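Chemist: Handing you this structure, nothing more for now.
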Amino acid sequence: MLKNPLLIHQYFVYYSHVFLVRCLMNLVTKQAIDFTARAVMSDGKVCDMTFSKYVAGKYAVLFFYPRDFTFVCPTEILSLHSRIPQFGERNAEVVGVSTDSEFAHSHWRNTPLEKGGIGLVSFPLVADDSHEISNSYGVLHNGRVALRGTVVIDENFVVRHQAVNDLPIGRNIDELLRIVDAIEHHKKHGEVCPAGWSRGQVAMEATQHGVEHYLQSHSDNLGS
Numbered sequence: 006m007l008k009n010p011l012l013i014h015q016y017f018v019y020y021s022h023v024f025l026v027r028c029l030m031n032l033v034t035k036q037a038i039d040f041t042a043r044a045v046m047s048d049g050k051v052c053d054m055t056f057s058k059y060v061a062g063k064y065a066v067l068f069f070y071p072r073d074f075t076f077v078c079p080t081e082i083l084s085l086h087s088r089i090p091q092f093g094e095r096n097a098e099v100v101g102v103s104t105d106s107e108f109a110h111s112h113w114r115n116t117p118l119e120k121g122g123i124g125l126v127s128f129p130l131v132a133d134d135s136h137e138i139s140n141s142y143g144v145l146h147n148g149r150v151a152l153r154g155t156v157v158i159d160e161n162f163v164v165r166h167q168a169v170n171d172l173p174i175g176r177n178i179d180e181l182l183r184i185v186d187a188i189e190h191h192k193k194h195g196e197v198c199p200a201g202w203s204r205g206q207v208a209m210e211a212t213q214h215g216v217e218h219y220l221q222s223h224s225d226n227l228g229s
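My numbering puts the first residue of the sequence shown at 6, with every later residue one more than the last.
Written out as structure tokens, the structure is:
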């Protein structure tokens, strides 16, 4: 235990700095942070899940949420669950993470919707009760719960999108599908995806001619 006041001060300054850096860090274009943790899988079994192995060769949506048995969280989890076939069509896996234990996850899954549960959702829920995963991704809030952080990772385990919502603000799951579509479109065609773009719409070449051509015929749509 530290007793020297100077050492205590240095310890506090150092870890305050580490916390601040992690909260502000940008992960986009960098390798995703791997982890192994207890998880309740889609079949209800509990096992040690290594993230990189589970999503190997696929897109991944790493979906942090604050707590089981809360308020906004079940709406997000059920919205994800209803779109799992659409993520599957895009070769994308969804992984949920909160600071609850695997026992809480199992109980939440086995609780009916009308009693605040989520039912048998078809993607893993990772137990981050050590807070290490949430902390490493910069979403741990007040040392207790994860903020509503979302990380989209490509097939090479590189982060392509990250966003964090405050606790009261639920996320738009269709936007995550759109982001996966945009990453895939750019990979296949080399085109960039303008504001509001969705799959099947016209994108643009990343050139001066490309943007001029796009704006000539699509600028009116940007205001709607």
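Using N, Cα and C, we set each Cβ at its ideal position, and we do this for glycine too. Everything numeric in this text was worked out from a predicted model, so none of it was measured.
Which of helix, strand or coil does DSSP assign to Asn140?
Modeler: Along the sequence shown, one-based indexing puts residue 140 at 135. Of the three classes helix, strand and coil, the one that applies to Asn140 here is helix, per DSSP.
Chemist: Among Asp225, Ile174 and Glu217, whose alpha-carbon lies nearest the alpha-carbon of Phe76?
Modeler: Here residue 76 corresponds to residue number 71 of the sequence shown, with the count starting at 1. Residue Ile174 is the option with its Cα nearest to Phe76.
Chemist: Which stretch, first to last residue, makes up the alpha helix (DSSP H) that contains Glu107?
Modeler: Against the sequence shown, residue 107 aligns to sequence position 102. Here the alpha helix (DSSP H) through Glu107 covers Glu107 to Arg114.
Chemist: Residues in the same chain with beta-carbon distance under 7 Å from Thr116, minus the five sequence neighbours each way, listed in chain order, please.
Modeler: Here residue 116 refers to the residue found at position 111 of the sequence shown. Only Gly122 meet the Cβ criterion.
Chemist: Let me check understanding here. Comparing Cα to Cα, which of His223, Asp39, Glu217 and Ala168 lies closest to Ala61?
Modeler: Position 56 of the sequence shown, counting from 1, holds the residue named residue 61. The shortest Cα separation from Ala61 among His223, Asp39, Glu217 and Ala168 belongs to Asp39.
Chemist: Pick helix, strand or coil for Phe69, following the three-state DSSP scheme.
Modeler: If you number the sequence shown from 1, residue 69 lands on position 64. Here Phe69 sits in strand by DSSP.
Chemist: Within this structure, are the beta carbons of Gln167 and Leu83 separated by less than 7 Å?
Modeler: Along the sequence shown, read from residue 1 onward, the residue named residue 167 stands at position 162. Along the sequence shown, read from residue 1 onward, the residue named residue 83 stands at position 78. Taking 7 Å as the Cβ cut-off, Gln167 and Leu83 do not qualify as a contacting pair.
Chemist: From Val66 to Ile158, what does the alpha carbon distance come to, in whole angstroms?
Modeler: Residue mapping note: residue 66 aligns to position 61 of the sequence shown, counting from 1. Residue mapping note: residue 158 aligns to position 153 of the sequence shown, counting from 1. So the alpha carbons of these two residues sit roughly 6 Å apart.
Chemist: What number of angstroms, rounded off, separates the C-alpha of Leu125 from the C-alpha of Gln36?
Modeler: Looking up residue 125 in the sequence shown gives position 120. Looking up residue 36 in the sequence shown gives position 31. Near 31 Å, if we compare the C-alpha coordinates of Gln36 and Leu125.
Chemist: Determine the extent of the alpha helix (DSSP H) in which Arg183 is found, giving its start and end residues.
Modeler: Counting from 1 along the sequence shown, the entry for residue 183 is found at position 178. It spans Ile178 to His194 - the alpha helix (DSSP H) in which Arg183 sits, taken as one unbroken run.
Chemist: Assuming Arg153 and Phe56 make a contact with CB atoms under 8 Å, what is their CB distance in whole Å?
Modeler: Taking the first residue of the sequence shown as 1, we reach residue 153 at position 148. Taking the first residue of the sequence shown as 1, we reach residue 56 at position 51. In fact, because the Cβ distance is near 19 Å, the residues do not count as touching under 8 Å.
Chemist: Return the first residue and the last residue of the alpha helix (DSSP H) that Val216 is part of.
Modeler: The sequence position of residue 216 within the sequence shown is 211, counting from 1. That run of the alpha helix (DSSP H) goes Gln213 to His223.
Chemist: From the DSSP output, read off the bridge partner residues of Tyr64.
Modeler: Here residue 64 refers to the residue found at position 59 when the sequence shown is read from its first residue. Partner(s): Ala97.
Chemist: CA-CA distance, Val131 and Pro199?
Modeler: As a working mapping, residue 131 is identified with position 126 in the sequence shown. As a working mapping, residue 199 is identified with position 194 in the sequence shown. Near 34 Å, if we compare the C-alpha coordinates of Pro199 and Val131.
Chemist: What do you get for Gly143, buried or exposed, if any count of 16 or more other CB atoms within 10 angstroms of its CB means buried?
Modeler: Taking the first residue of the sequence shown as position 1, residue 143 is located at position 138. The residue in question, Gly143, is buried, as its Cβ has 16 or more Cβ neighbours within 10 Å.
Chemist: Using 8 Å for Cβ pairs, my map puts Val207 next to Ser111. What's the rounded Cβ distance?
Modeler: Here residue 207 corresponds to residue number 202 of the sequence shown, with the count starting at 1. Here residue 111 corresponds to residue number 106 of the sequence shown, with the count starting at 1. Not really, about 46 Å apart at Cβ, beyond 8 Å.
Chemist: Do you know offhand how far Ile89's Cα is from Val102's?
Modeler: In the sequence shown, residue 89 corresponds to position 84, counting from 1. In the sequence shown, residue 102 corresponds to position 97, counting from 1. In a straight line, the C-alpha of Ile89 is about 16 Å away from that of Val102.
Chemist: Classify Leu118 as helix, strand or coil using the three-state DSSP reduction.
Modeler: To locate residue 118, count along the sequence shown from 1; it is residue 113. Helix.
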